[in-house]
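Participant: Quick one: the structure is below, questions incoming.
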Amino acid sequence: MLMYTPKNNVARRFPLLVLLSLLLSVAGEAGTLQAAAYREGRRPFTLDIPKNAGDGEAFAVRFGAEGVKALDLDLDGKTLHIGAPSPASGFFEALLPVPLDTKKKRLRLTLTVQWNGGEKEVLTRVVPVKKRAYPVQKLTVDGKFVSPPPEVAEKIRRDRAEMRAAVTTISPAQYWRLPLARPVPGEVTSLFGSRRVFNGVPKNPHKGVDFDAVAGEPVAAVDAGEVVLVSEHYYGGNTVVVDHGLGVLSAYLHLSGFNVRKGQRVARGDIVGFAGDTGRVTGPHLHLSFYVLGESVNAEPCLETGRR
Ligand SMILES: [Zn+2]
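This is how it looks when you write it as structure tokens:
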């Protein structure tokens, strides 16, 4: 069983692959060399997955080998097809989600490797779930956002359906790479997963990260991708969603204005809009939501730690 924390192993493992392929091409006899690599079937590979994964977080999987055509992943029924390695790393890379408050103690990850030539190899791993402790946060907002007037129920329903359709996009090319850029330079003011109590009424946990930002401040895309939603929502206010590929999307809420159109391609750091206080807010800030295979997860562990 090969389990790594992904952070520090990529740099070390990849040179090994290059060295192996060089040796293989020189030796022409794979038998003895394969013993030096990790293998479950006939071929050597490297596989990086974390020792455990927190609920409400995404974890990275990296698979590397020579002669891979495609990789299919299944994490407890959530599936992802990867047709090409990351141009940046040369690895087949995925981000996979652990739902906030999942009751599961461990997740079953199945990787199906399609080798060039048609053979398939199935690898299974167990990823233990580590329960995170999320804080309680009490807030006071305009009463209409705690008990919305009946006439906006249909608007809220449409907003949710539109958001759901956008954030469940799984497009085949990978535009993201970790760590992601920070959308604004400000500090994080409200953590993902906070148990929120609005005007004394317990509501759903905070499914995003709030950043300190002044009204009108530029908001940058955390990575390259395609804008799949530009819309005004009752709760989220002016909202932009960017698809970074392979089921990874970011959403920017409460904007005072937009700087992109739906369908537009953006580069990492491009300005998608301007911070504001539209929707259900206590004041101007940026709310960043992060979705992986349709699941809302904490963006913070995936972001650069330094300020832009
Ligand atoms: Zn927020």
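Using the working numbering, read the sequence shown as starting at 79 and increasing by one per residue. We put the beta carbon where it would ideally sit given N, CA and C, even for glycine.
1) Assuming Leu217 contacts Thr360 under a Cβ cut-off of 8 Å, what Cβ separation, rounded to an integer in Å, is found between them?
2) With DSSP as the reference, label Phe270 as helix, strand or coil.
3) Is the beta carbon of Val204 less than 8 Å from the beta carbon of Thr188?
4) For Val176, which three-state DSSP category applies?
5) In the DSSP output, which residue or residues are listed as bridge partners for Ala136?
6) From Glu240 to Thr267, what distance separates their C-alpha atoms?
7) Leaving out five residues on either side along the sequence, give the residues of the same chain with a beta carbon under 6 Å from the beta carbon of Leu34.
8) Have a look at the DSSP bridge pairing and note the partners of Thr124.
9) Using the DSSP secondary-structure output, state which residues sit across from Tyr312 in a beta bridge.
10) If Phe137 and Phe169 are in contact, beta carbons under 8 Å, what's the gap, nearest whole angstrom?
11) Val344: buried (16+ other C-beta within 10 angstroms of its C-beta) or exposed?
12) Anything with a beta carbon under 6 Å from a heavy atom of ligand 1 counts; list them all in chain order.
13) Under 7 Å Cβ to Cβ from Leu153, same chain only, skipping five residues before and after it: list those, please.
14) Let's test the definition: count the other Cβ atoms within 10 Å of the Cβ of Ser374 and tell me whether it reaches 16, buried, or not, exposed.
15) Can you give the Cα-Cα distance for Gly221 and Asn277, rounded to whole angstroms?
16) Can at least three beta-carbon pairs, one atom from the stretch 247-259 and one from the stretch 284-304, be found at a separation below 8 Å?
17) Suppose only complete runs of 3+ residues qualify. What are the beta strand (DSSP E) ranges in the stretch 290-364, listed by chain order?
18) What's the call for Pro280, buried or exposed, on a 16-neighbour Cβ count within 10 Å?
19) Indicate the three-state DSSP secondary structure (helix, strand or coil) for Glu382 in the structure shown.
20) Provide the residue(s) that pair with Phe170 in DSSP beta bridges, ordered along the chain.
21) Going by CA-CA distance only, name the one from Val275, Leu269, Glu144, Gly264 that's closest to Ala293.
22) Grouping DSSP H, G and I as helix and E and B as strand, with all else coil, what is Glu373?
23) Quick one: is Pro227 buried, meaning 16 or more other Cβ sit within 10 Å of its Cβ, or exposed?
24) Would you report the Cα separation of Ser103 and Ala259, rounded to the nearest angstrom?
25) With DSSP run on the structure shown, which of helix, strand or coil describes Ile160?
26) Could you give the first and the last residue of the continuous alpha helix (DSSP H) run that contains Arg235?
27) Is it true that the CB of Ser167 sits closer than 8 Å to the CB of Pro213?
28) What residue range does the alpha helix (DSSP H) around Lys208 cover?
Facilitator: On the basis of the supplied data:
1) Stepping through the sequence shown from its first residue, residue 217 is reached at position 139. Stepping through the sequence shown from its first residue, residue 360 is reached at position 282. Confirmed, Cβ separation roughly 6 Å.
2) Counting from 1 along the sequence shown, the entry for residue 270 is found at position 192. Three-state DSSP puts Phe270 in coil, outside helix and strand.
3) For the purposes of this step, residue 204 is identified with residue 126 of the sequence shown, where counting begins at 1. For the purposes of this step, residue 188 is identified with residue 110 of the sequence shown, where counting begins at 1. Inclusion of Val204 and Thr188 in the CB contact set at 8 Å is not warranted, their separation being larger than that value.
4) The sequence position of residue 176 within the sequence shown is 98, counting from 1. Three-state result, Val176: coil.
5) Taking the first residue of the sequence shown as 1, we reach residue 136 at position 58. DSSP, once it has assigned bridges, lists Pro175 as partnering Ala136.
6) To locate residue 240, count along the sequence shown from 1; it is residue 162. To locate residue 267, count along the sequence shown from 1; it is residue 189. Rounded to the nearest whole angstrom, the CA to CA distance from Glu240 to Thr267 is 27 Å.
7) With the chain covering 79 to 386 only, the question about residue 34 has no answer from this structure.
8) What you label residue 124 is simply residue 46 of the sequence shown in a count that begins at 1. Gly142, per the DSSP bridge assignment.
9) In the sequence shown, counting from the first residue as 1, residue 312 sits at position 234. DSSP output for Tyr312 lists no bridge partner at all.
10) Stepping through the sequence shown from its first residue, residue 137 is reached at position 59. Stepping through the sequence shown from its first residue, residue 169 is reached at position 91. The beta-carbon distance between Phe137 and Phe169, rounded to whole angstroms, is 15 Å. This is too long to meet the 8 Å contact definition.
11) Indexing the sequence shown from 1 puts residue 344 at position 266. It is buried - the Cβ of Val344 has at least 16 other Cβ atoms within 10 Å.
12) Ser268, His284, Gly286, Asp288, His365
13) Taking the first residue of the sequence shown as position 1, residue 153 is located at position 75. Correct list, in chain order: Leu174, Leu185, Leu187.
14) Here residue 374 corresponds to residue number 296 of the sequence shown, with the count starting at 1. It is buried - the Cβ of Ser374 has at least 16 other Cβ atoms within 10 Å.
15) Taking the sequence shown and counting its residues from 1, the one referred to as residue 221 is at position 143. Taking the sequence shown and counting its residues from 1, the one referred to as residue 277 is at position 199. Going by the C-alpha atoms only, they are around 8 Å apart.
16) In the pairwise beta carbon analysis, the stretch 247-259 is classified as touching the stretch 284-304: at least three pairs are separated by under 8 Å.
17) 296-298, 303-311, 315-323, 326-333, 349-352
18) In the sequence shown, residue 280 corresponds to position 202, counting from 1. Under a 10 Å Cβ-count criterion, Pro280 is classified as exposed, with fewer than 16 other Cβ atoms of the shown protein chains found around its own Cβ.
19) By one-based count along the sequence shown, residue 382 stands at place 304. DSSP places Glu382 in coil when its eight states are reduced to three.
20) Here residue 170 refers to the residue found at position 92 of the sequence shown. In the DSSP assignment, Phe170 is bridged to Phe141.
21) Residue 293 sits at position 215 when you count from the first residue of the sequence shown. The candidate whose alpha carbon is nearest that of Ala293 is Gly264.
22) Here residue 373 refers to the residue found at position 295 when the sequence shown is read from its first residue. Shown here, Glu373 sits in a strand according to DSSP, grouped into three states.
23) As a first step, residue 227 must be located in the sequence shown, where it is residue number 149. It counts as exposed.
24) In the sequence shown, residue 103 corresponds to position 25, counting from 1. In the sequence shown, residue 259 corresponds to position 181, counting from 1. Only weak support is given to the placement of Ser103: the predicted model assigns it a pLDDT of 36, under 50, and the question is left unresolved by the model.
25) As a first step, residue 160 is located in the sequence shown; it is residue number 82 there, counting from the start. Strand.
26) As a first step, residue 235 must be located in the sequence shown, where it is residue number 157. Residues 231-245.
27) The residue you call residue 213 lines up with position 135 of the sequence shown. The residue you call residue 167 lines up with position 89 of the sequence shown. No, the pair does not count as a contact, with Cβ atoms beyond the cut-off.
28) The residue you call residue 208 lines up with position 130 of the sequence shown. That residue, Lys208, is in no alpha helix (DSSP H); its beta strand (DSSP E) goes 198-208.
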